[in-house]
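One structure is given below, encoded as C-alpha cells.
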Amino acid sequence: MPSVVDVSRAELFKLVRRPAAWTLLAAAALLSQVFGYLIPYLSFAGDGSGPIEGASKQAILASTLPDQIVASTLGGFPVFAGALALVFGALVLGSEYGWGTVKTVLTQRPGRTTVLAGQAVALGASVAVGVLVLFVLGAVSSTAIALGQGESTAFPSVLDLLGGYGAGVAIMLMWAGLGGMLGVVLRGVALPIGLGVVWVLGVENLIAGVASSVLTALRPLRDVMPGINAGSLASAVMPTRPPGLESPPGVNSDVADGRALLTVACYVVVCLAVALWTYRRRDVA
Amino acid sequence: MTAETVVEIRDLTKRYDTVTAVDQVSLSVRRGEVYGFLGPNGAGKTTTLRMLLGLIRPTSGSLTVLGRQPGEAGVLARIGSMIEGPAFYPFLSGRANLEVVARYAGTGSARIDETLETVDLTSRGGDRFSTYSLGMKQRLGVAAALLKDPDLVVLDEPTNGLDPAGMRDMRALIRRLGDSGRTVILSSHMLGEVQQICDRVGVINAGRMVVESTVEELRGDSELVIRATPADVVRATVDQLAYVQSIRTLDDELRLRVDERHTGEVTRALVLAGVDVREVRRVDRQLEDVFFEITAKESSHA
Numbered sequence: 001m002p003s004v005v006d007v008s009r010a011e012l013f014k015l016v017r018r019p020a021a022w023t024l025l026a027a028a029a030l031l032s033q034v035f036g037y038l039i040p041y042l043s044f045a046g047d048g049s050g051p052i053e054g055a056s057k058q059a060i061l062a063s064t065l066p067d068q069i070v071a072s073t074l075g076g077f078p079v080f081a082g083a084l085a086l087v088f089g090a091l092v093l094g095s096e097y098g099w100g101t102v103k104t105v106l107t108q109r110p111g112r113t114t115v116l117a118g119q120a121v122a123l124g125a126s127v128a129v130g131v132l133v134l135f136v137l138g139a140v141s142s143t144a145i146a147l148g149q150g151e152s153t154a155f156p157s158v159l160d161l162l163g164g165y166g167a168g169v170a171i172m173l174m175w176a177g178l179g180g181m182l183g184v185v186l187r188g189v190a191l192p193i194g195l196g197v198v199w200v201l202g203v204e205n206l207i208a209g210v211a212s213s214v215l216t217a218l219r220p221l222r223d224v225m226p227g228i229n230a231g232s233l234a235s236a237v238m239p240t241r242p243p244g245l246e247s248p249p250g251v252n253s254d255v256a257d258g259r260a261l262l263t264v265a266c267y268v269v270v271c272l273a274v275a276l277w278t279y280r281r282r283d284v285a
Numbered sequence: 001m002t003a004e005t006v007v008e009i010r011d012l013t014k015r016y017d018t019v020t021a022v023d024q025v026s027l028s029v030r031r032g033e034v035y036g037f038l039g040p041n042g043a044g045k046t047t048t049l050r051m052l053l054g055l056i057r058p059t060s061g062s063l064t065v066l067g068r069q070p071g072e073a074g075v076l077a078r079i080g081s082m083i084e085g086p087a088f089y090p091f092l093s094g095r096a097n098l099e100v101v102a103r104y105a106g107t108g109s110a111r112i113d114e115t116l117e118t119v120d121l122t123s124r125g126g127d128r129f130s131t132y133s134l135g136m137k138q139r140l141g142v143a144a145a146l147l148k149d150p151d152l153v154v155l156d157e158p159t160n161g162l163d164p165a166g167m168r169d170m171r172a173l174i175r176r177l178g179d180s181g182r183t184v185i186l187s188s189h190m191l192g193e194v195q196q197i198c199d200r201v202g203v204i205n206a207g208r209m210v211v212e213s214t215v216e217e218l219r220g221d222s223e224l225v226i227r228a229t230p231a232d233v234v235r236a237t238v239d240q241l242a243y244v245q246s247i248r249t250l251d252d253e254l255r256l257r258v259d260e261r262h263t264g265e266v267t268r269a270l271v272l273a274g275v276d277v278r279e280v281r282r283v284d285r286q287l288e289d290v291f292f293e294i295t296a297k298e299s300s301h302a
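Sequences listed follow chains A and B, in order.
Mapping the first sequence onto the numbering used here, position 26 (from 1) lands on 26, and the numbers just tick up by one.
Mapping the second sequence onto the numbering used here, position 214 (from 1) lands on 214, and the numbers just tick up by one.
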C-alpha cells in the first residue's frame, strides 16, 4: 500500500521534471543575487557617487560579506521570494485541477489524506531545497566579494546559520502553504496566484502602512497578517546591520520574535487543515 | 450479491442543487463480462462511473464494487480506469506519466513497457504527453488503466476522438481484455460499438436506467426490409398478412417483424397485389433502432 512517502516521491519525480518549478527557482536565485549582492556591490564599486542614502561605501560592502549572509538572503523574502513561493504552492496543488489529473491520482490507490499529505511533504521538501540553494549561492557570492576585497570570509556561527535557514524555510513554507491551500480550495492556478500576489505585494503593505501611521486601531489586524509576521521572523534571526544601513524592505520588528514564529507556524498548520478538509469532502467532478 | 457479481448498484441517486444527474439507477455487472453502459451525452453515464470509483459521493442508494465500498484502497488497487478522457501531466513523457501512475498505484514500473506495447505506443513513449494526438492520449489512458493488471477495467467513452482505424484497434483491444477474463465496463453513446464488443448492455437516459439486458435480447429478431411502390398498396397488402407481427416505416422502406419462413409468402402477396418490388432482404435490427424506440417511449411517458 503506497504511503505518504511513496506519494511524495511520485510528486518529486514530477517536480524535478517540471520546467515551471525550475523557472521559479531560477527567478528566486536571480533576484536574490541581484538585490543581495550585485546591486550593493556595484554601488560600492561605482565611482564618485559617494555615500548612498546615508550609508557609507564601507557599510554597503560590509552588507555583502559572509557574516551578513542571513540578512542578505532573507532580505528578499518579504519582497519577492514569498510571492514566488506562493506561486509555487499554487502551481503544485492547483495545476492538478487544470489538467484533470486529480481524478487520475485519486483512482490509483492511496486515499485522499495520503495523497494530499504526500503532495504537501513534496512541496515542503522542495521549498527547503530552494531556500538552501539561495543560501549556498549567497555563500559563494559573499565569499567571492570578501576574497576580492581582502575582507573577512568568516561566516556566522552554525547556530545562527541554522536559525536563519530555519526561519527562511518557515517563511517560505507559509507562503507555499497559502498558495497550495488556495490552489485546492479554488481548484486552479490563475485565481490563487492573482489573489495571492495582490495580497502579498499590495494589500499587506497598505494595511501595514495605514496601521503604522494614521489608523493605529488596525494594529491587532496587522499583527496577525502573514507578511508582517514573516518580516518580524526574518528580522529576529538577522545579525546587526552595518551602521547606517536600514533593514531590507518588509523586514520589521512589529511583532515579537516568539509570537512571529508561532504565527507563521499556525499559518502552515491552518493551510494544511483547510486544504485537507476541502480535499477530502469535495466531489471530483 | 453473488460471488460472480463484480459491481452491484441499487437505486443510486446523485442530486445537484436542482438537477438530478443520476436517478435511482440499478445495475449489476458480472465477473468476466464486457458490460456496455449506453446512453446519449449527458445521460448520467460519467457521473455513475465516477461514483463507482469513489470520486463522487452518491446522494442516496447503494453501490458495491468487488464486494466493498467504492474508493477504498483495496478496491481501487484492483480497478483500472479512464474517466472522461485521459488526464496526464503535459510536461512529462508518456512513459514518465505511466511511471507516476505506477508509483501512485504501488505497482512498480515492471508493467510499463508491456502496457505501452499493448496500446502500441512503445515508439512514442519517450515523447512529451503534450505532443500527443488525441488518439495517442486516449491510448495512453488505456495503458495507465492496465498498469495495475486490474480485475475490473472501467473505460468512459474510450473511442472518443479516435479515427476509424483507431476505433477498430481500441474495440479489438477491449474485446481482448474481456476475453482474457477481466471484467470491463465500457460507456459509450455509440450503439454500433457496444453491439460489437459487449456481452450485456445497460441503457441510461436522462439519469434513469431504461433497460438492462443482453445485446441479443435487446436487439430482438431480425426484420424484413421491403422497398416497393406504390407505397399505399404495399402497406395495405402487408397489413392484411396475419403472421406479420409489426410494421414500421423507415424512410422509403417498410420494416416487418416476421418469421423467416414467411418471407416467400410476403413476397408472393406483394407481387399478386401488382406492386413493383425493388428489394426484399432481411436485416438484423440495430441497437440504434431499439435505443431510439426505448428512449422515445420513455420521453413520451414523461
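Built from N, CA and C at the ideal position, the CB exists for glycine as well.
- Separation of Ile247 (chain B) and Val225 (chain B) (C-alpha to C-alpha, rounded to the nearest whole angstrom) is 10 Å.
- For Leu76 (chain B), at least one C-beta of chain A is nearer than 8 Å to its own C-beta.
- For Gly227 (chain A), no beta strand (DSSP E) segment is defined; the enclosing uninterrupted segment is the alpha helix (DSSP H) at Pro226 to Val237.
- The beta carbons of Ala275 (chain A) and Gly180 (chain A) sit closer together than 8 Å.
- In this structure, the CA atom of Gly39 (chain B) is about 20 Å from the CA atom of Ile56 (chain B).
- Gly94 (chain B) places its beta carbon less than 8 Å from that of Gly125 (chain B).
- With respect to the C-alpha of Gly274 (chain B), the residue from B:Glu288, B:Thr237, B:Gln245 and B:Asp259 having the closest C-alpha is B:Thr237.
- Per DSSP, Tyr267 (chain A) lies in no beta strand (DSSP E); the unbroken alpha helix (DSSP H) holding it starts and ends at Asp257 to Arg281.
- For chain B, the residues of the stretch 104-122 of chain A that bring a beta carbon within less than 7 Å of one of its beta carbons are Thr104, Val105, Leu106, Thr107, Gln108, Arg109, Pro110 and Gly111, in chain order.
- Under the three-state reduction of DSSP, Met209 (chain B) is assigned to strand.
- In the DSSP assignment, Met82 (chain B) forms a beta bridge with B:Leu155.
- DSSP places Ser188 (chain B) within a strand segment (E or B) once states are collapsed to three.
- Straight-line spacing of the CA atoms in Leu270 (chain B) and Pro158 (chain B) works out to 46 Å.
- As the crow flies, the alpha-carbon of Thr229 (chain B) is around 8 Å from that of Arg278 (chain B).
- Counting only residues of its own chain and dropping the five nearest sequence neighbours on each side, Ala122 (chain A) has a CB closer than 7 Å to the CB of Ser8, Glu11, Leu12 and Leu15.
- Bridge pairing for Asp276 (chain B): B:Thr229 [DSSP].
- Here Ile9 (chain B) is buried. Its C-beta has 16 or more other C-beta atoms within 10 Å.
- Taken through DSSP and simplified to helix, strand or coil, Lys148 (chain B) comes out as coil.
- Within the stretch 103-127 of chain B, Arg103, Tyr104, Ala105 and Gly106 place their CB atoms closer than 7 Å to a CB of chain A, listed in sequence order.
- It is roughly 7 Å from the alpha-carbon of Ser188 (chain B) to the alpha-carbon of Asp156 (chain B).
- For chain B, none of the residues of the stretch 265-278 of chain A brings a beta carbon within less than 7 Å of one of its beta carbons.
- Judged by their CB atoms, Gly94 (chain A) and Gly183 (chain A) are nearer to each other than the 8 Å cut-off.
- Pairing Tyr267 (chain A) with Leu178 (chain A) gives a Cβ-Cβ distance under 8 Å.
- Distance from Thr107 (chain B) to Lys148 (chain B) at the Cβ level is roughly 5 Å; contact confirmed, criterion being Cβ atoms closer than 8 Å.
- Chain A has no Cβ within less than 8 Å of the Cβ of Ser187 (chain B).
- The three-state secondary structure of Ser130 (chain B), taken from DSSP, is helix.
- In this structure, Gly181 (chain B) places its C-beta atom within 8 Å of the C-beta atom of Gly32 (chain B).
- In this structure, the CA atom of Gly163 (chain A) is about 6 Å from the CA atom of Val237 (chain A).
- Each residue's CA atom was taken as its position, placing Val244 (chain B) and Glu253 (chain B) some 16 Å apart.
- Per DSSP, reduced to three states, the secondary structure at Leu55 (chain B) is coil, with no helix or strand assignment.
- For Ala125 (chain A), no chain B residue has a C-beta closer than 7 Å to its own C-beta; the minimum C-beta separation is roughly 16 Å.
- Within 9 Å of the CB of Thr23 (chain A), no CB atom of chain B is found; the nearest one sits about 11 Å away.
- For the stretch 58-84 of chain B, residues whose beta-carbon sits nearer than 9 Å to a beta-carbon of chain A comprise Gly71, Glu72, Ala73, Gly74, Leu76, Ala77, Ile79, Gly80, Ser81, Met82, Ile83 and Glu84.
- In this structure, DSSP gives Phe88 (chain B) a state outside helix and strand, which the three-state scheme calls coil.
- Counting along the chain, the unbroken alpha helix (DSSP H) around Gln58 (chain A) starts and ends at Lys57 to Ser63.
- With contacts defined by Cβ atoms closer than 8 Å, Leu66 (chain B) and Leu152 (chain B) form a contacting pair.
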